[in-house]
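Asks: Sharing a structure below in structure tokens format, with a few things to ask.
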Amino acid sequence: MSAVADIPQGRAAPGLGRARGLVNAVLGIGLLLGLWWIGGEMIARNDDLFAFASFAPGPTLSRLAELVASGAVIDMSVPSLYRVGMGLALAAAIGVPVGILIGRVAILREITNVPFQFLRMISPLSWMPIAVMAYDTWDGAIIFLIFVAAVWPILFATAAGLRRIDPAWLKVARNLGANPFHMLFVVILPAISVDILTGIRLALGVAWVVLVPAEYLGVTSGLGYAINDARDTLDYASLGATVVIIGVIGFFLDFALMMAIKKFNWVRSDA
Amino acid sequence: MMVEPITRDNAGRTAMPHVAGRPSGAHVAVRGLSHVYRRSDGPVLSDIGFTAEPGEIVALLGRSGCGKSTLLHMVSGLSMPTAGEVVINGNAVRGPSPRWVMMFQAPSLYPWMTVAQNAALGLRFARRMHEARARIPEVLDLVDLGGFADRNAQELSGGQQQRVALARSLAPKPEVLLLDEPFSALDAFTRRNLQQDVRKIARGLGLTLLIVTHDVGEAVRMADRVLVLDAHPGRVASDTRITLTDADRNGGNDAFQREHTRLMQTYSDIAQVPGGNLT
Ligand SMILES: Nc1ncnc2c1ncn2[C@@H]1O[C@H](COP(=O)(O)OP(=O)(O)O)[C@@H](O)[C@H]1O
Ligand SMILES: [Mg+2]
């Protein structure tokens, strides 16, 4: 142990200290761009593939700049964000209460265990034909698919959080005269807020992935539609730009949830 | 339903003349209390009966497993006995209430709340948050945590956390405080301090205090009266008074030693433990 501690790691790069995370992040982004550029060069030099050369960083990023400048980015993102937001909100509205119930009531947990694990393993996209038949609007069908993808992580994270609650917290509350409403809003929900947010973060990851194929359905708006449309019109620069937009929005949504988790986390690592 | 004949006023004044002013504590009567968890195990408690006068500090002394926690849970209304009843100021206990509050071995503070928010829980549950602004600083001062209101509960030491739990119990102005070995997880020094302070606070407020313990020293230091419990099934086997002054209780002098030896003798006869080696 002491031998490791003796290696002057910090001194090798003086002044880097706090900036280290940022420097490494920039390094990672640079690496990704480098690989992308190499890939673009290889496609451009390949006789079979050169038609796809506008996937390269140059054409893609300049098209992206146009899309941003014209506001088209907003037009294609807003419908997608609406669908994901609605799907996630529904998933939380169902997943959190059901998760609390199966976390609290052993019989419910035992009864639902097999059906839930079974349903969870079915790809949300398998419901596509049923969703299309069941809903009058394309939007409804897509929101349903996102809901199906997002409900399980939220439900299971909530139930797991509940089972980690210290029973003494509940006893203390009961002892001081808490009613079931207090129990839920003063003890249980604050205690598991981080578990719920972690579930929502996982759900967002799945939902954002499911969104694009779901938007290949009949809709004429959204990021998935933009991908499909660009493919059909052989506009590969737009296709590449849309891929970048999907990645960037997904990254920042996830980042926002990570910050929320940090804010709500009451566990002190130093305690 | 039989009404408790002893009223708070005359019982408090005559039985406890040394309590300054009118005691805020309630009269507690436990009558014919028996409890069975599993029929195959037989009763855990069998026909327990005793009373505590308003403002009296009563220790329930017994070996671990003799049913002390079970008994206290029933007094607090957290669970119901198989037979018998608990009557506080003439009313049968049917559930928990901020009027009779229990303190546990672990403080179990909510780590997402500040000290003040934890202390105010009882007021919040009783929809009396309007009292908190005046009451919370008052109880935090009472437990010597005046400057800690906005600290996170997790930053405190074990003894300080138990003091917050005490403040939390006292905030709704209970008439009875039930302590289930609340100091046994603390180091000896912190434990002594809390034993002294809890007695002083209960005395000052005139609270009725029931303390469950397996520690003879704790019973002698804190209680006006000690009920020694027998095990399997639990029942009251001895009821003795501790007539020490507060100075004697804290000093560990000859008078203290005599009471300690006497109670230890009673306890070891009843609990069948080898005498002298217990603390
Ligand atoms: N919830 C329960 N279910 C079944 N048995 C219990 C339960 N709680 C306590 N007991 C049993 O009752 C007896 C008394 O327990 P307890 O009241 O905790 O004793 P003490 O507090 O004096 O140590 C023990 O034998 C214990 O195993
Ligand atoms: Mg116990």
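Chains as they are written, first to last, in this note's numbering: chain A, 46 to 316; chain B, -4 to 274. Using N, Cα and C, we set each Cβ at its ideal position, and we do this for glycine too. In this text, all values refer to a predicted model and were calculated from it rather than measured experimentally.
Just to make sure I have the definition right: I need the residues of chain A whose C-beta is within less than 8 Å of the C-beta of Arg119 of chain B. Which are they?
Replies: In chain order: His227 and Val231.
Asks: Cβ of Lys216 of chain A versus every heavy atom of ligand 2: is any distance shorter than 7 Å?
Replies: For ligand 2, not one heavy atom lies less than 7 Å from the Cβ of Lys216 of chain A.
Asks: What number of angstroms, rounded off, separates the C-alpha of His227 of chain B from the C-alpha of Ser35 of chain B?
Replies: Approximately 13 Å, taken between the alpha carbons.
Asks: Write down every uninterrupted run of the alpha helix (DSSP H) in the stretch 228 to 255 of chain B whose length is 4 residues or greater and which is fully enclosed by it, in chain order.
Replies: With a minimum length of 4 residues, the continuous alpha helix (DSSP H) runs that stay inside the stretch 228 to 255 of chain B are 241 to 246.
Asks: For chain A, check one thing: does any of its Cβ atoms lie closer than 8 Å to the Cβ of Met97 of chain B?
Replies: So, interface residue.
Asks: With distances taken Cα to Cα, identify the nearest neighbour of Pro93 of chain B among B:Glu80, B:Arg122 and B:Ser152.
Replies: That would be B:Arg122, whose Cα lies nearest to the Cα of Pro93 of chain B.
Asks: Which term fits His209 of chain B, buried or exposed, when burial requires 16 or more other beta carbons within 10 angstroms of its beta carbon?
Replies: By the 10 Å Cβ count, His209 of chain B comes out buried.
Asks: Where does the unbroken beta strand (DSSP E) through Val88 of chain B begin, and where does it stop?
Replies: No beta strand (DSSP E) holds Val88 of chain B; DSSP gives it neither H nor E.
Asks: Our contact map puts Met228 of chain A next to Ala213 of chain A with C-beta atoms below 8 Å; I'd like the distance itself, whole angstroms only.
Replies: At roughly 14 Å, the Cβ-Cβ gap does not stay under 8 Å, so Met228 of chain A and Ala213 of chain A are not in contact.
Asks: For Ile393 of chain A, I'd like the list of residues in its chain whose CB is within less than 6 Å of its CB, leaving aside the five on either flank, ordered along the chain.
Replies: In the structure as shown, chain A starts at 46 and stops at 316, and residue 393 of chain A therefore has no counterpart that could be examined.
Asks: Taking 8 Å as the threshold (beta carbon to beta carbon), is Ala223 of chain A in contact with chain B?
Replies: Ala223 of chain A counts as touching chain B.
Asks: Quick one: is the Cβ of Val134 of chain B within less than 7 Å of any heavy atom of ligand 1?
Replies: The answer is no for Val134 of chain B.
Asks: Assuming Arg149 of chain A contacts Leu207 of chain A (C-beta within less than 8 Å), just tell me the rounded distance between them.
Replies: Arg149 of chain A to Leu207 of chain A, Cβ: 6 Å. Contact.
Asks: Looking at the secondary structure, which residues open and close the alpha helix (DSSP H) in which Phe45 of chain B lies?
Replies: Looking at the DSSP string, Phe45 of chain B is not in any alpha helix (DSSP H); the run it does join, the beta strand (DSSP E), is Leu40 to Ala47.
Asks: Answer yes or no: does any C-beta atom of chain B fall closer than 8 Å to that of Val141 of chain A?
Replies: It does not: the Cβ of Val141 of chain A has no partner Cβ on chain B nearer than 8 Å.
Asks: Please give the ranges of any alpha helix (DSSP H) in the stretch 91 to 141 of chain A, keeping only runs that are unbroken, at least 4 residues long and fully inside the region.
Replies: Counting whole runs of 4 or more residues, the stretch 91 to 141 of chain A contains the alpha helix (DSSP H) stretches 102 to 115.
Asks: Is there a Cβ from chain B that is less than 8 Å from the Cβ of Ala213 of chain A?
Replies: Output row for Ala213 of chain A: interface = yes.
Asks: Just to confirm the assignment: which complete beta strand (DSSP E) runs, minimum length 3, are found wholly within the stretch 54 to 86 of chain B?
Replies: The qualifying runs are 78 to 83.
Asks: For the candidate residues A:Phe230, A:Leu170 and A:Ile147, whose alpha-carbon lies nearest to that of Thr203 of chain A?
Replies: With distances taken between Cα atoms, Thr203 of chain A lies closest to A:Ile147.
Asks: Name the residues in the stretch 99 to 113 of chain B whose C-beta lies less than 7 Å from a C-beta of chain A; which are they?
Replies: Result list: Phe99, Ala101, Ser103, Tyr105, Pro106 and Trp107.
Asks: Please enumerate, following chain order, all residues with a beta carbon closer than 7 Å to at least one heavy atom belonging to ligand 2.
Replies: Per the Cβ criterion, the list is B:Ser59, B:Lys63, B:Ser64, B:Asp175, B:Glu176 and B:Val207.
Asks: May I have a chain-ordered list of the beta strand (DSSP E) segments no shorter than 3 residues that lie completely inside the stretch 96 to 176 of chain B?
Replies: Taking only runs of at least 3 residues, the beta strand (DSSP E) segments lying wholly in the stretch 96 to 176 of chain B are 171 to 175.
Asks: Give a yes or no on whether 8 Å exceeds the smallest Cβ distance from Pro93 of chain B to chain A.
Replies: Closer than 8 Å to some Cβ of chain A, the Cβ of Pro93 of chain B qualifies, so yes.
Asks: Between Lys25 of chain A and chain B, is there a C-beta pair that is closer than 8 Å?
Replies: Any property of residue 25 of chain A remains undetermined from this structure, which presents chain A solely from 46 to 316.
Asks: Rank B:Leu181, B:Ala160, B:Ser19 and B:Val134 by C-alpha distance to the C-alpha of Leu221 of chain A and give the top, closest one.
Replies: Looking at the Cα atoms, B:Ala160 is the closest of the given residues.
Asks: Check for me: the beta strand (DSSP E) holding Arg33 of chain B runs from which residue to which?
Replies: Counting along the chain, Arg33 of chain B falls outside any beta strand (DSSP E), and DSSP gives it neither H nor E.
Asks: In this structure, how does DSSP classify Gly263 of chain A when only helix, strand and coil are distinguished?
Replies: Coil, per DSSP.
Asks: 8 Å is my cut-off, CB to CB: does Ser71 of chain B come that close to chain A?
Replies: Yes, its Cβ sits closer than 8 Å to a Cβ of chain A.
Asks: Would you report the Cα separation of Ala305 of chain A and Ala252 of chain A, rounded to the nearest angstrom?
Replies: C-alpha separation (whole angstroms): 18 Å.
Asks: Whole-angstrom Cβ separation of Arg89 of chain B and Gly62 of chain B, contact assumed at under 8 Å?
Replies: The Cβ separation is near 21 Å, so there is no contact.
Asks: For Asn273 of chain A and Leu133 of chain A, I'd like the C-alpha separation in whole angstroms.
Replies: So the alpha carbons of these two residues sit roughly 24 Å apart.
Asks: In whole angstroms, give me the CA-to-CA distance for Arg33 of chain B and Leu40 of chain B.
Replies: Their Cα atoms are separated by approximately 12 Å.
Asks: Hey, would you say the C-beta of Tyr262 of chain B is under 7 Å away from at least one heavy atom of ligand 1?
Replies: No, the Cβ of Tyr262 of chain B stays beyond 7 Å of every heavy atom of ligand 1.
Asks: For my contact list, Trp81 of chain A and Pro102 of chain A are in at a C-beta cut-off of 8 Å; report their separation, rounded to the angstrom.
Replies: Yes, they are in contact, since the Cβ atoms of Trp81 of chain A and Pro102 of chain A sit about 5 Å apart, within 8 Å.
Asks: Can you tell me the Cα-Cα spacing of Gly154 of chain B and Leu135 of chain A, whole angstroms?
Replies: One C-alpha to the other measures close to 45 Å.
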